[in-house]
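Only one structure is covered here, and it is reproduced in the block below.
Number of protein chains: 2
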Amino acid sequence: MRATVMHGAGDVRIENVPDARPIEPTDALVVVSRGCICGSDLWPYKTMEHSDTGRRMGHEAIGVVEAIGADVRTMKAGDVVVMPFAYSDGTCVFCREGLHTSCIHGGFFGAGDGDGAQAEAVRVPQADGTLVVLPVGADDVLTPSLLTLSDVMGTGHHAAVAAEVGPGKAVAVVGDGAVGLCGVIAARRLGAEQIIILGRHPERIALAREFGATDVVSERGDEAVERVRELTDGLGVHSVLECVGLEQSMLTAIGITRAGGAVGRVGVPQDETMPASQPAFYSNITVGGGPAPVRAYIEELLPDILDGRIEPGRVFDRAVRLDEVPDGYRAMNDREAIKVMVEP
Amino acid sequence: MRATVMHGAGDVRIENVPDARPIEPTDALVVVSRGCICGSDLWPYKTMEHSDTGRRMGHEAIGVVEAIGADVRTMKAGDVVVMPFAYSDGTCVFCREGLHTSCIHGGFFGAGDGDGAQAEAVRVPQADGTLVVLPVGADDVLTPSLLTLSDVMGTGHHAAVAAEVGPGKAVAVVGDGAVGLCGVIAARRLGAEQIIILGRHPERIALAREFGATDVVSERGDEAVERVRELTDGLGVHSVLECVGLEQSMLTAIGITRAGGAVGRVGVPQDETMPASQPAFYSNITVGGGPAPVRAYIEELLPDILDGRIEPGRVFDRAVRLDEVPDGYRAMNDREAIKVMVEP
């Protein structure tokens, strides 16, 4: 089958690889209907050292179950399923607590030796714990929005939960990528009164406004902090969704958080240390978040997508065939596209 | 009057200073019955650059109201009061949210131009919002425990709250100083099932056990992390009370936190950056805490002290007269004493 393999920074290839197939009795084989390229894929795209064997890419998918292992109980061949970016058994102590990304028998797609989802098919370990059968066909008009349950919508929601967003609160979203935009949806959905998006790309800002952003701050660094404080009676916001992961974005996030507020971070941190530890301390600011347990959120978010109350699929502004995936990476890296869907 | 003035590292003097007196109509003048030396006083004791004018020290006290400003309503001369380490108006947006250490009209004793409480008397700004009248005499047998409401008991409680301690949880306390020991009391009081104290001083450990610690880890660094994991089925603890503030203590704190758990930090951080940002992220560990709004906690903790359910005053293992305060600093800095009470 064909799959996406990254061999180094800027070096993404579509290659013939051994066909995916169930190995363990808890596996399912899923033929990918739609995959996508993630903002987090851009980190290796910028920095990965050359590798002859390369790394299989992709961790988001909607697909059709082609085969299941002997122990799989909750799905059958032909079912349309959504695949969270992490696999998890659904039964361990962490899964029971809703933290599927720390599953004791879990792992991540597009990492290590496992399959990636920017491919024709993918082997899904722990299928019963991981996959959710969808009540629609693989080509449903809702597919783009349902596909965001794999990662970006659940991740934006996780940022909002970690940032303690709630009714009446003032919220800021640092980062206008797909996750940040889904964070705006999540903040509005959870009842935020004011939602400030920090970004400067006109089409992203326009979408953020349609998703519920009430204010836009295009400045950066200290000027952004000052502007957010102006918008919040000098106090800062209760909740910040940090959707970037750089030192500067975290500095800004802490700088705009109101005393006693919370930063929910979902941007993969690129530095070993966190800046502004002392300012965060003196203002009793809580910093939480991490890899989103998107599997835990599907039951909550799915009805809102099926009923059309939220439309996170609008973050996809480009679609490519599998052969065109390398150009999809380039387009996202050049910020030509917010998020690229892959139609194998 | 006589007051404690620090002129540099290791240079603590008792000097004659202008008598404290009410200045603003919201002030009270409190004659100090009992003060104390705080672990946080040891940071300037170790590092302060020489100053001719010096810095007034002390931020914990129980005393008797001597005089009040024209606008003070909730106390009268002769009342016995406990003084939180921060003053606060009790009415601003942050005070109403219970975050008195961020009070818009607030500040800290023993900082800036204000009085310190290692002195014969202290001017208390925002007296109505700051002071709490106690239903006991100034020489009551409960005075040591009531005095901890000024800081260490409320601070240990804050660490436990920020660390999300609750019934049935596994908790670790990093630091066996007075705050860490009060953290043990707080963790037990909030229903923790397992309380692991990290420390190695026999008398402190013995007190921690009496306060409710179930396990002791005397190792440090990676060995401490390994030992805590052994004690918790390899998972780590749900809640860590970080009561030190050094890079190594925070590294340990994050290293022993279970995925999805929380670190409540009350040790004043000595570094600009926080270590282990990436491990904390990947395990979805929340880091919260800061200067404890001890004023907010007095109503909750006071009945437990009055009824004898908790005895935080046992952290005081030495008492000095005002003239002996410099030796009290030395004793705490040399770890001869856990916490020193001052009897002016």
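Note that the protein sequences, when read in sequence, are chains A and D. One rule links them: number in the numbering used here = place in the first sequence (from 1) + 1051. One rule links them: number in the numbering used here = place in the second sequence (from 1) + 1051. Note that beta-carbon positions come from the ideal geometry of N, C-alpha and C, so glycine has one too. These numbers come from a predicted model, not from an experiment.
By DSSP, does residue i sit in helix, in strand, or in coil?
i: C1017 of chain D; result: This structure does not reach residue 1017 of chain D, given that chain D is present from 1052 up to 1395, and the question cannot be answered.
i: T1125 of chain D; result: coil
i: R1316 of chain D; result: strand
i: A1170 of chain A; result: strand
i: E1350 of chain D; result: helix
i: H1058 of chain D; result: strand
i: E999 of chain A; result: Within the shown structure, residues of chain A are numbered from 1052 to 1395, placing residue 999 of chain A beyond reach of any answer.
i: T1303 of chain A; result: helix
i: G1311 of chain A; result: strand
i: L1080 of chain D; result: strand
i: V1015 of chain D; result: The displayed coordinates of chain D run from 1052 to 1395. Any statement about residue 1015 of chain D would go beyond what the structure contains.
i: V1187 of chain D; result: coil
i: R1064 of chain D; result: strand
i: M1052 of chain A; result: coil
i: M1383 of chain A; result: helix
Please report the residue range of the alpha helix (DSSP H) in which residue i lies.
i: S1328 of chain D; result: 1328 to 1333
i: K1097 of chain A; result: 1093 to 1098
i: G1157 of chain A; result: Unbroken run through G1157 of chain A: none, as it is neither H nor E.
i: G1219 of chain D; result: Neither: G1219 of chain D is in no alpha helix (DSSP H) and is coded neither H nor E.
i: A1229 of chain D; result: 1229 to 1240
i: M1325 of chain D; result: From DSSP, M1325 of chain D is part of no alpha helix (DSSP H); its letter is neither H nor E.
i: A1211 of chain A; result: 1203 to 1213
Any beta-carbon of chain D closer than 8 Å to the one on residue i?
i: V1338 of chain A; result: yes
i: T1152 of chain A; result: yes
i: R1316 of chain A; result: yes
i: S1091 of chain A; result: no
i: Y1333 of chain A; result: yes
i: S1084 of chain A; result: no
i: F1159 of chain A; result: no
i: Q1329 of chain A; result: yes
On a CA-only basis, which of the options is nearest residue i? Give me that one, please.
i: E1117 of chain A; options: A:V1081, A:M1126, A:Y1380; result: A:V1081
i: S1300 of chain D; options: D:I1349, D:V1203, D:I1248; result: D:I1248
i: H1156 of chain D; options: D:E1387, D:G1163, D:T1142; result: D:T1142
i: V1192 of chain A; options: A:R1365, A:M1383, A:V1391, A:N1384; result: A:R1365
i: K1097 of chain A; options: A:E1394, A:I1389, A:Y1380; result: A:Y1380
i: G1129 of chain D; options: D:L1185, D:F1159, D:T1077, D:E1075; result: D:L1185
i: S1153 of chain A; options: D:I1336, D:P1326, D:R1064, D:V1056; result: D:I1336
i: R1255 of chain D; options: D:V1224, D:I1361, D:T1283, D:P1076; result: D:V1224
i: A1079 of chain A; options: A:D1227, A:L1182, A:E1100, A:R1280; result: A:L1182
i: G1359 of chain D; options: D:S1196, D:G1163, D:A1170; result: D:S1196
i: G1226 of chain D; options: D:G1059, D:H1058, D:I1389; result: D:I1389
i: G1188 of chain A; options: A:T1303, A:A1304, A:L1357; result: A:L1357
i: E1394 of chain A; options: A:N1384, A:D1385, A:D1374, A:P1326; result: A:D1374
i: T1283 of chain D; options: D:R1372, D:V1295, D:R1309, D:T1125; result: D:R1309
i: R1147 of chain D; options: D:R1346, D:D1266, D:M1204, D:A1213; result: D:R1346
i: V1203 of chain A; options: A:S1091, A:G1161, A:I1305; result: A:S1091
i: V1319 of chain A; options: D:E1293, D:Q1329, D:G1312; result: D:Q1329
i: H1110 of chain D; options: D:I1119, D:D1122, D:L1200, D:F1136; result: D:F1136
i: G1161 of chain A; options: A:V1175, A:A1304, A:H1151, A:H1289; result: A:V1175
i: G1165 of chain A; options: A:V1391, A:G1339, A:V1056; result: A:V1056
Consider the Cβ of residue i: report whether some Cβ of chain A lies at a distance smaller than 8 Å.
i: D1322 of chain D; result: yes
i: G1231 of chain D; result: no
i: E1148 of chain D; result: yes
i: S1196 of chain D; result: no
i: A1310 of chain D; result: yes
i: P1218 of chain D; result: no
i: M1383 of chain D; result: no
i: G1341 of chain D; result: yes
i: Q1299 of chain D; result: no
i: M1325 of chain D; result: yes
i: F1145 of chain D; result: yes
How would you write the range of the beta strand (DSSP E) that residue i sits in, first residue to last?
i: V1116 of chain D; result: 1112 to 1119
i: A1259 of chain D; result: Not the beta strand (DSSP E): A1259 of chain D falls in the alpha helix (DSSP H), residues 1253 to 1262.
i: S1290 of chain A; result: 1288 to 1293
i: T1337 of chain A; result: 1337 to 1340
i: L1249 of chain A; result: 1245 to 1249
i: D1266 of chain A; result: 1266 to 1268
i: F1367 of chain A; result: 1367 to 1372
What are the residues in the segment 1257 to 1290 of chain A lying within 8 Å of chain D by C-beta distance? Those residues of the segment 1257 to 1290 of chain A that come within reach of chain D (Cβ to Cβ, closer than 8 Å) are L1286.
Can you list, in chain order, the residues of the segment 1101 to 1118 of chain D whose Cβ is nearer than 8 Å to any Cβ on chain A? For the segment 1101 to 1118 of chain D, which is checked against every Cβ of chain A, not one residue is closer than 8 Å.
Can you list, in chain order, the residues of the segment 1167 to 1194 of chain A whose Cβ is nearer than 8 Å to any Cβ on chain D? Listed by position along the chain: nothing, the set is empty.
Output, in sequence order along the chain, the residues in the segment 1124 to 1141 of chain A whose CB is closer than 8 Å to any CB in chain D. Within the segment 1124 to 1141 of chain A, no residue qualifies.
Near-chain A residues of the segment 1199 to 1212 of chain D - C-beta to any C-beta below 8 Å: Residues of the segment 1199 to 1212 of chain D with a C-beta atom less than 8 Å from some C-beta of chain A do not occur.
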